[in-house]
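Visitor: This is the structure, below, for whatever I ask next.
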Amino acid sequence: MTIPTIGMRALPLWAAVVPLATVNVCYLVAVGLEHVPACIPYFSGCTSVSSTGRIAPERFIFLAGMLPSVVILVFFWHRSAMFLKLGGQIGSRVVTLQVLGVIAALSLISYALTLGSEDDGFRQLRRAGINGFAVSTVLAQVLFISFYRSMRIAATERLWRWLVGLCVALPLLGITAEVAKFAGAPRHAANNIVAWNAFVVASAYYAVVARIWWYHGFSGRFDSTSSGRPTSPRE
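Per the numbering used here, the sequence shown starts with residue 15, numbered consecutively.
See the structure below:
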């Protein structure tokens, strides 16, 4: 199976850009149609991420962005597992990334397709979807960091530390929100701020992985014969 090298190499960048761009475009459309209040949601939390994709026409934009994101994420974690395997990691261990990637994808589908429904059953399914997506994605990110640790080179040492910092940032966002709520901040606003900024953190994580792949000369192709080791011009 042959897939253009540049397309597979860009997988982490697509994973970084497509979901984040989707929710922001949906928000701008929703504001223009007065479906949600105008603000900077990353700081004020005036509306939730979900609110940007509940009502047409922004709902169709949301689906048009999130459903391709599902495919992108499945491929991304599959190729990340291959990257680690080519770098010397045990195949039976890194396959966990592929499993978590599928779980994250199925969870995201569940969330996206039930968004906007007022049925109690769909609400539960939507809640399970977003929680499943968040947990499986964070676990996959942590495992990648753990497995990649022994593969680091001088050029990627700082990038690896960035990945660690981004993973730490996610629980810190949650802790900060809980402290803010305890101090009297509106509960929904605090939760919304966490959700919006979590998108940014996740996107930054994928962008850093893209740079790591580049330093190792990993094309991401299914027929790749790359060893996963860095080529000398990039060390």
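For each residue, glycine too, the CB sits at the ideal point set by N, CA and C.
Under the rule that 16 or more other beta-carbon atoms within 10 Å means buried, what is Gln138, buried or exposed?
Guide: Under this definition Gln138 is an exposed residue.
Visitor: At which residue ranges does the region 171 to 213 contain complete alpha helix (DSSP H) runs of 4 or more residues, listed in the order of the chain?
Guide: DSSP runs (the alpha helix (DSSP H)) wholly in the region 171 to 213: 171 to 196.
Visitor: Could you check the C-alpha separation between Leu27 and Arg201 for me, to the nearest Å?
Guide: About 33 Å.
Visitor: Closer than 6 Å by C-beta to Arg243: which residues in its own chain qualify, once you throw out the five before and the five after it? Chain order, please.
Guide: The predicted position of Arg243 is uncertain, since its pLDDT is 49 and thus under 50; no value can be drawn from it.
Visitor: Within the region 36 to 120, note down every full alpha helix (DSSP H) run reaching 4 residues or more, in order along the chain.
Guide: With a minimum length of 4 residues, the continuous alpha helix (DSSP H) runs that stay inside the region 36 to 120 are 55 to 58, 72 to 100.
Visitor: Could you check how far apart the C-beta atoms of Cys40 and Phe76 are, in whole angstroms? I think they sit under 8 Å.
Guide: So it is a contact: roughly 5 Å between Cβ atoms.
Visitor: Using 8 Å as the Cβ pair cut-off and three pairs as the minimum, do the region 84 to 97 and the region 117 to 128 touch?
Guide: Short answer: they touch.
Visitor: Is the separation between the beta-carbon of Glu72 and that of Ala44 shorter than 7 Å?
Guide: Yes, these two residues count as a Cβ contact at 7 Å.
Visitor: Can you tell which of Thr151, Leu129, Ser150 has the C-alpha that lies nearest to the C-alpha of Arg141?
Guide: Looking at the Cα atoms, Leu129 is the closest of the given residues.
Visitor: If you draw a straight line from the C-alpha of Ser217 to the C-alpha of Asp133, how long is it?
Guide: Ser217 and Asp133: Cα-Cα distance of roughly 31 Å.
Visitor: Excluding five sequence neighbours on each side, which residues of the same chain lie with their C-beta closer than 6 Å to the C-beta of Leu98?
Guide: Correct list, in chain order: Val108, Phe161.
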